[in-house]
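**Student:**
Residue numbers (the working numbering): -5 to 645.
(1) Answer with buried or exposed for residue 78, where buried requires no fewer than 16 other C-beta atoms within 10 angstroms of its C-beta.
(2) Against chain B, does residue 538 count as a neighbour if the rule is that its beta carbon must be under 7 Å from one of theirs?
(3) For residue 27, I'd like the list of residues in its chain whose CB is within less than 6 Å of its CB, leaving aside the five on either flank, ordered along the chain.
(4) Residue 188 and residue 215 look like a contact to me (Cβ under 8 Å); what is the Cβ gap, rounded to whole Å?
(5) Report the partner residues of residue 72 according to the DSSP bridge assignment.
(6) Nearest CA to the CA of residue 139: which residue from 518, 315, 170 and 611?
(7) Starting from the Cα of residue 559, find the closest Cα among 609, 574, 527 and 116 and give me that residue.
(8) DSSP beta-bridge partners for residue 143?
(9) Where does residue 40 sit, in a helix, a strand or coil, going by DSSP?
(10) Measuring straight from C-alpha to C-alpha, what distance separates residue 97 and residue 624?
(11) Using CA atoms only, rank isn't needed, just tell me which of 553, 520, 522 and 521 is closest to residue 535.
(12) So the alpha helix (DSSP H) residue 497 belongs to, where does it begin and stop?
(13) What do you get for residue 202, buried or exposed, if any count of 16 or more other CB atoms within 10 angstroms of its CB means buried?
(14) Determine whether the beta carbon atoms of residue 126 and residue 68 lie at a separation below 7 Å.
(15) Determine the direct distance from the alpha carbon of residue 212 to that of residue 232, and round the result to whole angstroms.
(16) Counting along the chain, where does the alpha helix (DSSP H) carrying residue 258 start and finish?
(17) Just to confirm, is the Cβ distance from residue 186 to residue 154 under 7 Å?
(18) Checking 7 Å against the spacing of the C-beta atoms, do residue 99 and residue 121 come in under that value?
(19) Three-state secondary structure (DSSP) at residue 561?
(20) According to the neighbour-count rule (16 or more other Cβ atoms, all chains shown, within 10 Å of its Cβ), is residue 265 buried or exposed?
(21) Measure the beta-carbon distance from residue 259 to residue 230 and round it to whole angstroms, keeping in mind my assumption that it falls under 8 Å.
(22) If you drop the 5 nearest sequence neighbours on each side, which residues of the same chain put their C-beta closer than 6 Å to that of residue 642?
(23) Does the beta-carbon distance from residue 288 to residue 248 come in below 7 Å?
(24) Kindly list the residues whose CB is nearer than 6 Å to the CB of residue 50, restricted to its own chain and excluding five residues on each side of it in sequence; keep chain order.
(25) Among 576, 105, 282 and 272, which residue has its Cα nearest to the Cα of residue 123?
(26) Measuring straight from C-alpha to C-alpha, what distance separates residue 599 and residue 111?
(27) I think residue 271 touches residue 257, with their Cβ atoms under 8 Å apart; what is that distance to the nearest whole Å?
(28) Can you tell me where the alpha helix (DSSP H) with residue 599 in it begins and where it stops?
(29) Give a yes or no on whether the C-beta atoms belonging to residue 72 and residue 86 are separated by under 7 Å.
(30) So residue 178 and residue 144 are supposed to be a Cβ contact under 8 Å. How far apart are they, rounded?
(31) I need the DSSP call for residue 532, collapsed to helix, strand or coil.
(32) Residue 74 to residue 59, Cα distance in whole Å?
(33) Check each candidate in 221, 244, 192 and 191 and name the one with the smallest Cα separation from residue 205.
(34) Along the chain, where does the beta strand (DSSP E) containing residue 228 start, and where does it finish?
(35) Out of curiosity, what's the CA-to-CA distance linking residue 516 and residue 547?
(36) Would you check if the stretch 604 to 617 and the stretch 573 to 584 touch, i.e. whether three or more CB-CB distances between them fall below 8 Å?
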């Protein structure tokens, strides 16, 4: 079936890869509509763009959607809060491709202006710009471990970028036409690319050479997707689905599906969901993968006679290196978007306030919206599963090559219930069992005292009461109980009075000193009380203009202590201060240390060089702590992974 999706032509669409049920469509009417497969109406319509939508992407936990337009602007919406998060400006032409980082806080964009930009979604900033392509960048994909970015462009090349250095690791050439598809293998160091020259090439990312090439197809491939276990590659062609192996190159199966120009694929419950669009209509199709041959079939004319027939690699085995993913617990993490404060959701500038007023999330179907995006109060111990689509009727014995079309309503509205136990993208990536494992690194998550708690930590009422010598003596005299309680009260009063006195000392230095920040931090450090340092940093962190290089040399040793603290609030403050230092001073430190020595005596430069060396040494020590904690789950793990990415240049 075909259903009207927009009031004008549909220009872009994308499926949510986690569930295969959520769909976002963009049209020439400048709107982004959110649908759910098997629903007959639009759930939500997102407005704000002033030019047609060119590219869309949904993050892995299906809570954020990002859209790029012809004008070069990018808008990010929070689907749970039904509001715009960010407007990202910087490209000078059409946004042709978008992709979310596996850790969820970054998004990459490729444009007709030939540039690739890496954006921090939460902080509204361009982290890095990658320049190297000479024509439009048509497709972007992050590697499963988040270290690399692959880009395909109209200049007939595929480039592999190192996110840490921003440099090109390798440039793959061989296609004779524009390359519009690139996809990483889910486990191995393998990359697939598709081009308008009607070929699909497989690249070895360890040896940086072509593994095999699928040629002589009737039409160009429109989209590709590896099977979750990595045993084969699905290629979406005009009115057909093809299943490929690559060592050697072979076609395992061909399934005729009347989906026209298919635009995106997803896999869920061993079913492949494909979506296509024509003018203002969208159609969805389902292929039952149980009926599709994925390995071991007779090749369909892709192996030349002069080449020996190599047995296919058994499923689950690996011929090349496996992506390294840190181990982590699978406990329930906090949603990194949903738990952001309101100040983080709102952009700090007046321009973003205006964007928020102009951008709207019109909820067309409140019931579906609440069912899919609103969190449930009741906690179910067994997360609900997405039920598979009904299987096609078994009219007669059929082969896997026959059409398996399931014409779902093209509005493609998925009313799948949101799982109460929502995992972060990082947990989803590393929770799957490893295919090849070396010595596993057991990472025990330290006990952390949360910042918000309703009862004291480590205190029991019995500690404040006298011990009962006789079991029959169960009643206590009021005077004895009160005397025991007063002992603890007096101790607490002494602690709070001392802390108040220390803060008064720091405040006095701040108000009388010419160099407020430096001398105040010096006095706070000299007191040797981390609670005072935390109170001061919470103020200094909000005033980025007062940060200087000499201030970093004093604060970095304290940050090292804060990151190892058992108190959540201390760790959060340490992460905020460290991120501020990395963003403002790390490029300066690297440049000064890499600069050649000056001629003559320059005392100012020598002092600056000494401070940079001191900061660099301290950052190296902190980087080990950040690396060890980057495998944690929840909000802590997210913050440490972001810091680890920023500190990658130190390795």
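Glycine residues also receive a C-beta, built at the ideal position from the N, C-alpha and C atoms.
**Tutor:** In short, the structure shows the following:
(1) By the neighbour-count rule (16 or more Cβ atoms within 10 Å), residue 78 is buried.
(2) Annotation note: the requested chain B is absent from the structure, which comprises a single protein chain.
(3) Contacts found: 19, 36 and 39.
(4) Residue 188 to residue 215, Cβ: 4 Å. Contact.
(5) DSSP, once it has assigned bridges, lists 58 and 77 as partnering residue 72.
(6) Check the Cα spacing between residue 139 and each of 518, 315, 170 and 611: the tightest is with 315.
(7) Its Cα nearest to that of residue 559, the residue 527 stands out among 609, 574, 527 and 116.
(8) Beta-bridge pairing links residue 143 to 136 and 155.
(9) Look at residue 40 here: in three-state DSSP terms it is strand.
(10) Looking at the two C-alpha atoms, the distance is approximately 11 Å.
(11) Looking only at 553, 520, 522 and 521, the smallest Cα-Cα distance to residue 535 is reached by 553.
(12) Start and end: 472 to 506.
(13) Under this definition residue 202 is an exposed residue.
(14) Not a contact, by the Cβ cut-off of 7 Å.
(15) Between residue 232 and residue 212, the C-alpha separation is close to 9 Å.
(16) Per DSSP, residue 258 belongs to no alpha helix (DSSP H); it is in the beta strand (DSSP E), 256 to 262.
(17) Not in contact: residue 186 and residue 154 (Cβ atoms no closer than 7 Å).
(18) 7 Å or more divides the Cβ of residue 99 from the Cβ of residue 121.
(19) When DSSP states are grouped into helix, strand and coil, residue 561 belongs to the strand group.
(20) Here residue 265 is buried, its C-beta having at least 16 other C-beta atoms within 10 Å.
(21) 6 Å between Cβ atoms; contact.
(22) The answer, listed in chain order, is 158.
(23) Result no, Cβ atoms of residue 288 and residue 248 do not sit closer than 7 Å.
(24) Only 6, 8, 18, 20 and 61 meet the Cβ criterion.
(25) Ranked by Cα distance from residue 123, the first of 576, 105, 282 and 272 is 105.
(26) Spanning the two alpha carbons is a distance of roughly 33 Å.
(27) Between the beta-carbon of residue 271 and that of residue 257 there is about 6 Å, and that keeps the pair under the 8 Å contact cut.
(28) DSSP places residue 599 inside the alpha helix (DSSP H), whose first and last residues are 597 to 623.
(29) Contact: no.
(30) Right, their Cβ atoms sit about 7 Å apart.
(31) DSSP, read as helix, strand or coil, puts residue 532 in helix.
(32) Their backbone Cα atoms lie some 11 Å apart in a straight line.
(33) Residue 244 is the option with its Cα nearest to residue 205.
(34) 227 to 231 is the span of the beta strand (DSSP E), which, as asked, contains residue 228.
(35) Distance between the alpha carbons of residue 516 and residue 547: 11 Å.
(36) Using a Cβ-Cβ distance cut-off of 8 Å, the stretch 573 to 584 and the stretch 604 to 617 are in contact, since at least three pairs of beta carbons, one from each stretch, lie closer than that value.
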